[in-house]
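A quick write-up on the structure given underneath.
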Amino acid sequence: MKNLSFKALLPHLVAVTSFVIVAVIYCKPALEGKVLQQSDIIHWKGMAKDIQDYRATHNGVAPLWTTNMFSGMPGYQIAGNNNNYISYYANEIFSLFIPKPFRFFILACLGFYFLCIVLRINPWLGITGAIAYAYASYSPIIISVGHETKMLSMAYVPAVLGGLIMIFDKRYWSGAAFTALFSSILVFHNHYQIVYYFLLIAVFVTAAYVVKWIKEKQYKHMVTAAAFAIVAGLIGVLSNAVTLFTTYDYSKATIRGGQASLNVKDSINATKQKGGLDTGYAFLYGSYGVAETFTLMVPDIYGGGPHPLGEESKLVEVMGEKGLPPQLANQLYSSFPAYWGNQPGHSGPVYLGAVICFLFIFGMAYIKSHHKWWIAVVSLLAIMMSWGKNFAAFNTFIFEYLPMYNKFRAPAMILVITQLTFPLLAVLGVQQFLFGKDDKTYLWKKLKLAGLITTGVFAVLFLLYISFDYKNDRDKFIQQQLTQMSNGDSSLGRDIVNAAADDRKGLFGKDLFRSFFFIGASFLLLFLYARNKLKATPVIIGLLLLSSIDVLAVGKRYLANDNFMEPEDSDGVFLPTPADAEIKKDTEANYRVFNLTQDPFNDAITAYHHKSIGGYHAAKLSIYQDLIENQLSKQPMNMPVLDMLNTKYVITTDSAGRLLPQRNPGALGSAWLVKSISFVKDAKAEMRALDNFNPKESAIVQESFKPSVPFMPQWDSAGTIQLVKNDNDIVTYSFNASTNQFAVFSEVYYDRGWKAFVDGKETPIVKVNYVLRGLSVPAGKHNIEFRFEPSSYKTGKQLTGISQLLILGILITGIFLEYRRSKKPVNKA
């Protein structure tokens, strides 16, 4: 192509090589065969075990239903056949076929670098921004805990944005090709909260361009660009129709998307939103503190992560001086983590880099571009939304009225937007500063303004440094306990808590000075350029080194070499316990296990070995969540409910702490015939009836299902119903009785795909006992078959195939038109 030469390609080759080298060094233990101990990946392996076992015996085909968690749920919510082959292979190519964890950072760097090239930013500045984006602290934090789909989705957000901007800049077909392809891969990675945040960015980018087009009266281009963008985006999205359609269909029956059957008051005074999460649950985790937002520039304002204060801390020193017993000292050491903020389950701060934050401020003060305004608005909105319950009036309104937003929790996650916008505006500002047409006097004026603003920010930070007490409510509670333990002597608790506070203050002070150094050095580079003391090249190199060292060092705090371990150590968590081994001696099919030695409803390890009535998943069926809250969490346990779920074993511990499998003789098996049906008015009455009932004798059915019960059962003591085979998506039973019967099946009721057939004739499924399936079966000998055939999967699969062909067509068209354009003679007139 025209202008395509090795010299032109060299910066890009250097960029890609740099991204690979940095990723390899950053994750060096992985070169030695070590793996990350990622809690979410461990849980995923437990969740997916049933599906993987099925695949191994069914020619690689995944089931649509899995049986090993929550008494059964759609398997495509865990691991399934997406059928989006274009996205899969394109992702492998863009990853350079390099495995994880290296590929996470390489992809994020490449995505941001692509956006910079689209915006015609100097490649070396593009490298600076790319490393800042990929290695901002949130990335290593989420990788360390196993949020891999989130990280992969984040990697493609800037790439999709780049394709969209290409369309807006009149590069219609090539822009459409990239938009379709990258949006396909973005959605393919199946993290819809990140997709949602991209859509927020896209709305503000589009608004900025629309204002620009209207001012310039480019109405024809506006319509053309809109058409290309919408069509390309839709094609990319629909290439994942299998996942999207099934997830949307499933969401209608879950705690995230469905309307709850019961109005259960929770413990955090939440407000239930119709068709979404309640605000209390959504804002409980990840509501960033208002002052905590300064961690974008200074990471350890609130202590950083949940790690201990260290062996050399004042806390350890004071405990030694007090002569505390080793057991108490170890307990207190773990009770005072470095992080002292109010976010439950906090893993570490969102740190964008001191250099990047300063350059962002400089960009806001200096840059002349329509990009500045959409970046400013969406960044401010993201910061305010990240505050969650700490800015309740605003965020409750947003949660209620911003379309689809009430499907998501953890508001601080939206700071991934600032992780993109801050380095983007930073490199845009430096680009204009170094290569624009403004005279040096004007440059110095704007740089001085940015310096004054940054000085003001540091003044606020210093005030926080001297005014914080570095204590939280838990610290104060421990202090009270220590005072009581010391018979009213307050000095022990006071001295220990104050020592921990001093340690935390030291962390803040150290990082405050650190950020001041990096910002001062960056300011000096720009100052020397504005005073004609330096050329552009050393300034770019200096900023690249400063910014990269800055973010890489802080990120390494959360993805340190200690996070890696030998593969056998990682998989050791799945070794069967003696209790597991004892249960597995039972060769009867389809029984379930309730593990009380773990939090049963946040545990997927049990599901690795057994069919569990618990599990680990963010979007449980609403009816099952109701059962968890109202029955399965009861003390003492409601044994009739465990019986109807076919809970044959309950894992507990004995007095010596050993795991003990207790057999439940009342487990009712896969299916049984009941003597009577008890009809109740509504869901509340149905749940209330479970408090005291005999599931072996009677079935509880809501009156709304009466039309699906053509006759009442006539008890036949010789009648039988038996499981023949459970093949996940097809479950077969044999039935024989001399009179009409009503059968209850220990399978979760889910009306978005399950169908029942008696001798091949479809028969309506009745919801019984709040969560189970029931069926009226006429007298005689019959074959009963349940089939899971969700229409959403069938329709989605067809659209996925069509959309992939369209993506190929757009890519070929874009390449052809670019090639033809390159062959046109240049008009030198």
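Mapping the sequence shown onto our numbering, position 52 (from 1) lands on 56, and the numbers just tick up by one.
Using N, Cα and C, we set each Cβ at its ideal position, and we do this for glycine too.
Can you tell me whether residue i is helix, strand or coil according to DSSP?
i, result
"Ser-373", "coil"
"Val-268", "Residue placement at Val-268 is poorly supported in this model, since its pLDDT is 40, which falls under 50; the coordinates are not used for a value here."
"Asn-273", "The pLDDT assigned to Asn-273 is 37, lower than 50, so where the model puts this residue is not dependable; a value taken from the coordinates is nonetheless given after this. In this structure, Asn-273 counts as coil in the three-state DSSP scheme."
"Glu-793", "coil"
"Ala-660", "coil"
"Tyr-653", "strand"
"Ile-97", "helix"
"Arg-756", "coil"
"Val-241", "helix"
"Glu-766", "strand"
"Pro-15", "helix"
"Val-215", "helix"
"Val-713", "coil"
"Phe-472", "coil"
"Thr-743", "coil"
"Leu-528", "helix"
When the Cα atoms are used, what is the spatial distance from residue i to residue j?
i, j, result
"Tyr-306", "Ala-230", "44 Å"
"Tyr-289", "Lys-539", "48 Å"
"Glu-325", "Leu-486", "16 Å"
"Glu-152", "Ile-704", "43 Å"
"Phe-298", "Phe-521", "16 Å"
"His-621", "Val-294", "30 Å"
"His-350", "Leu-238", "36 Å"
"Glu-822", "Ala-163", "19 Å"
"Thr-458", "Ile-365", "7 Å"
"Gly-37", "Thr-767", "54 Å"
"Ser-626", "Asp-695", "19 Å"
"Ile-272", "Lys-393", "Residue placement at Ile-272 is flagged as unreliable, the pLDDT there being 31, under the threshold of 50; a coordinate-derived value is accordingly withheld."
"Gln-718", "Asn-668", "29 Å"
"Asp-731", "Leu-168", "45 Å"
"Val-268", "Asn-567", "Caution is warranted here: a pLDDT of 40 is assigned to Val-268, below 50, making its placement in the model unreliable, and the coordinate value is therefore given only provisionally. Roughly 40 Å separates the two Cα atoms."
"Ala-34", "Leu-313", "27 Å"
"Ala-852", "Ala-386", "Residue 852 is absent from the model: the chain starts at 5 and stops at 833."
"Val-191", "Glu-404", "25 Å"
"His-374", "Tyr-213", "7 Å"
"Asp-282", "Lys-624", "14 Å"
"Gly-460", "Gly-805", "56 Å"
"Leu-547", "Val-241", "37 Å"
"Leu-17", "Gly-64", "38 Å"
"Tyr-201", "Phe-517", "33 Å"
"Thr-275", "Ile-769", "Only weak support is given to the placement of Thr-275: the predicted model assigns it a pLDDT of 45, under 50, and the question is left unresolved by the model."
"Gln-277", "Ala-245", "Low confidence applies to Gln-277: its pLDDT is 47, below 50, so where it sits in the model is not reliable enough to give any reading."
"Asp-270", "Val-322", "Summary for Asp-270: the model assigns pLDDT 35, below 50, so the residue's position carries little reliability; its value from the coordinates is reported in the next sentence. Taking the straight line joining both Cα atoms gives about 41 Å."
"Lys-2", "Gly-813", "Since the first and last residues shown for the chain are 5 and 833, residue 2 lies out of range."
"Gly-524", "Met-301", "13 Å"
Based on the DSSP output, what are the partners of residue i in its beta bridges?
i, result
"Tyr-737", "Leu-727, Ile-788"
"Phe-749", "Ala-675, Arg-777"
"Trp-69", "Pro-78"
"Asp-665", "This sequence places Pro at residue 665; Asp is not what is there. Paired residue(s): Ile-655."
"Val-684", "Gln-706"
"Thr-422", "None, per the DSSP bridge assignment."
Using beta carbons (cut-off 9 Å, strictly below), is residue i in contact with chain C?
i, result
"Asp-575", "Among the chains of the structure shown, chain C does not appear; only one protein chain is present."
* To do: Could I get the ranges of all uninterrupted alpha helix (DSSP H) runs contained in the region 547–634, with 4 residues as the minimum, in chain order?
  => 571–575, 582–588, 609–613, 626–631
Should the region 551–564 be called in touch with the region 501–514, which here means at least 3 C-beta pairs below 8 Å?
no
Alpha helix (DSSP H) segments (min. 4 residues) lying fully within the region 287–369: 318–326, 330–339
- If you pair each beta-carbon of the region 86–104 with each one of the region 742–757, do three or more pairs fall below 8 Å? no
*Taking contact to mean at least 3 C-beta pairs separated by less than 8 Å, is the region 341–356 in contact with the region 116–135?*
no
- Query: Are three or more beta carbon pairs between the region 107–120 and the region 84–92 nearer than 8 Å?
  - Reply: no
Pair every Cβ in the region 445–457 with every Cβ in the region 182–189, then say whether three or more of these pairs are closer than 8 Å.
no
| Contact between the region 425–438 and the region 358–376 (3+ Cβ pairs under 8 Å) | yes
Task: Contact the region 194–208 vs the region 775–783: 3+ CB pairs below 8 Å - done: no
**Message:** Three or more C-beta pairs under 8 Å: does that hold for the region 42–59 against the region 603–613?
**Reply:** yes
Do the region 735–747 and the region 655–673 touch if we need at least three Cβ pairs shorter than 8 Å? no
### Message
So, does the region 794–805 touch the region 249–257, judging by three or more C-beta pairs under 8 Å?
### Response
yes
For the region 647–665 against the region 682–691, do three or more pairs of beta-carbon atoms, one drawn from each stretch, fall closer than 8 Å, so that the two count as touching? no
With contact counted as at least three CB pairs below 8 Å, one residue from each stretch, are the region 334–346 and the region 397–416 in contact? no
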